[in-house]
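Working notes, structure below.
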Amino acid sequence: MTAVHRGTLAEPPPTWAEHGVTERRVDRASDDLDGLLAEGADLVVDAIAYDEADARRLLAHADDLGHLVVISSASVYADARGRTLDEATGVDDFPDFVGPIPETAATIAPGPASYSTRKRLLEDELLGQDAVPVTVLRPCAIHGPGSTSPRELWPLLRARSKRPSLPLAFGGESTFHTTSATNLAELIRTVAEQPGTRTLNHGDPFPHTVAEIAQVVAATVGHTFELVPFDGPSPGEGVGDSPWAVPKPFTVAMDAATALGYRPVTSYAAAAVDTCRWLEEQLDAVDRWEDAFPKLPQSYGPHFFAADAEDAWLAEHHPHT
3 MTAVHRGTLA EPPPTWAEHG VTERRVDRAS DDLDGLLAEG ADLVVDAIAY
53 DEADARRLLA HADDLGHLVV ISSASVYADA RGRTLDEATG VDDFPDFVGP
103 IPETAATIAP GPASYSTRKR LLEDELLGQD AVPVTVLRPC AIHGPGSTSP
153 RELWPLLRAR SKRPSLPLAF GGESTFHTTS ATNLAELIRT VAEQPGTRTL
203 NHGDPFPHTV AEIAQVVAAT VGHTFELVPF DGPSPGEGVG DSPWAVPKPF
253 TVAMDAATAL GYRPVTSYAA AAVDTCRWLE EQLDAVDRWE DAFPKLPQSY
303 GPHFFAADAE DAWLAEHHPH T
């Protein structure tokens, strides 16, 4: 087994060597990647492929590859009115799905406009050929150690600070399906034994509300929040605006993966223990959380840890705190 990465993140874990994993540092944009693919492989798992150009690069080596597993995103789905996650600007135009989304649901049109439209370009290029079997995976909110934009940091920062109360938008009932990296790896293992061209969703075995997620994460550091849910979106400055805050449920169906023999190997709560342990290690090594995770403010804005704004809101709306 060969693990390929650019070398811009932390050193790989020692368990790689223990399990016979060979490390190769290759930038995706370099010619070295073509040389590596030309060496051949029974299975290639591509976790960062983004558009049709990336797909074509893989397919150029189809004769040397036994099976491709390529990670796309559940964000490609569109509701009955054509609304998508990428294009939603608020409550009124947020996609409204009836129950868990199956792989047969409508998707956004492919194109260069956004993350999801480019993922659809990737999917179409891969699924529209028969030179090599391709499994396209559509995960949801991926979580696990090693993330550069860990959503779990949102409640963890507040729990580490022993903040007693936590405001939550949309009544704390937002449900945005999570995907454990460990469970995703198990799905990859499952499909690796059954090469074929297909599209599969991935979500954890039980989709939690944001209120449940907040308490699960807080429990990893021995804390419990008094939750202060309120109706509607954040009033501003990040108050109650968690990374899972959505006005309508977004969950995916897992029937197709289950039919192939996939079974999850962890729960969200169990996986959160490992994730939060790793997050704490990163936080303990720096003075400011932004130094450990500089991409988070880019992804979620300047109010990711809006303690002062939360205090002001709580003083007005929950004064006994």
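Using the working numbering, you'd call the opening residue of the sequence shown number 3 and step up by one each time.
Idealized CB from N, CA, C, for every residue including glycine.
Check: For T86, the three-state DSSP class (helix, strand or coil); Outcome: coil
Check: Contact with chain C by V248, beta-carbon distance below 9 Å; Outcome: Chain labels in this structure do not include chain C; a single protein chain is all it has.
Check: Unbroken beta strand (DSSP E) run spanning T4, endpoints; Outcome: 4-7
Check: Supposed contact pair L124 and V51 - C-beta distance, whole angstroms, cut 8 Å; Outcome: A small correction: the amino acid at residue 51 is Ala; Val does not occupy that position in the sequence shown. So it is a contact: roughly 6 Å between Cβ atoms.
Check: Per-residue burial, T277 [other beta carbons within 10 Å of its own, 16 or more giving buried]; Outcome: buried
Check: Spatially closest choice to W315 from Q300, P231, P299, by CA coordinates; Outcome: P231
Check: Alpha carbon of A161 to alpha carbon of L155, nearest angstrom; Outcome: 10 Å
Check: Cβ-based burial, G240 [other Cβ within 10 Å; buried from 16]; Outcome: buried
Check: Contact belief for Y270 with T184 at Cβ below 8 Å, rounded distance in angstroms; Outcome: Contact flag wrong, Cβ pair sits at about 11 Å.
Check: Short Cβ contact (9 Å threshold) for T106 with P112; Outcome: no
Check: Residues near P349 in its chain [Cβ-Cβ closer than 6 Å; skip 5 each side]; Outcome: For the chain, the structure presents residues 3 to 323; residue 349 sits outside this window and is missing.
Check: Residue(s) in a DSSP beta bridge with P304; Outcome: P304 pairs with nothing; no bridge assigned.
Check: Buried versus exposed, by CB contacts within 10 Å (16 or more), T222; Outcome: buried
Check: Proximal residues to T137 (C-beta, below 6 Å), its chain only, five neighbours per side dropped; Outcome: V71, V193, R200
Check: Sub-9 Å separation of S163 and L170 beta-carbons; Outcome: no
Check: Extent of the continuous alpha helix (DSSP H) run through P157; Outcome: 155-162
Check: L168: CB within 8 Å of a non-hydrogen atom of the ligand ZN; Outcome: No copy of the ligand ZN appears in this structure; indeed no ligand is present at all.
Check: Three-way DSSP call (helix, strand, coil) for L202 in this model; Outcome: strand
Check: Opening and closing residue of the beta strand (DSSP E) in which S167 lies; Outcome: 167-170
Check: 8 Å CB neighbourhood of T211 in its chain, flanking five on each side removed; Outcome: G174, E175, S176, T177
Check: Minimum length 4: unbroken alpha helix (DSSP H) runs contained in the segment 245-292; Outcome: 257-261, 270-286
Check: Contact set for A80: own chain, Cβ-Cβ below 7 Å, skip 5 residues either direction; Outcome: T86, P97, A108, T109, I110
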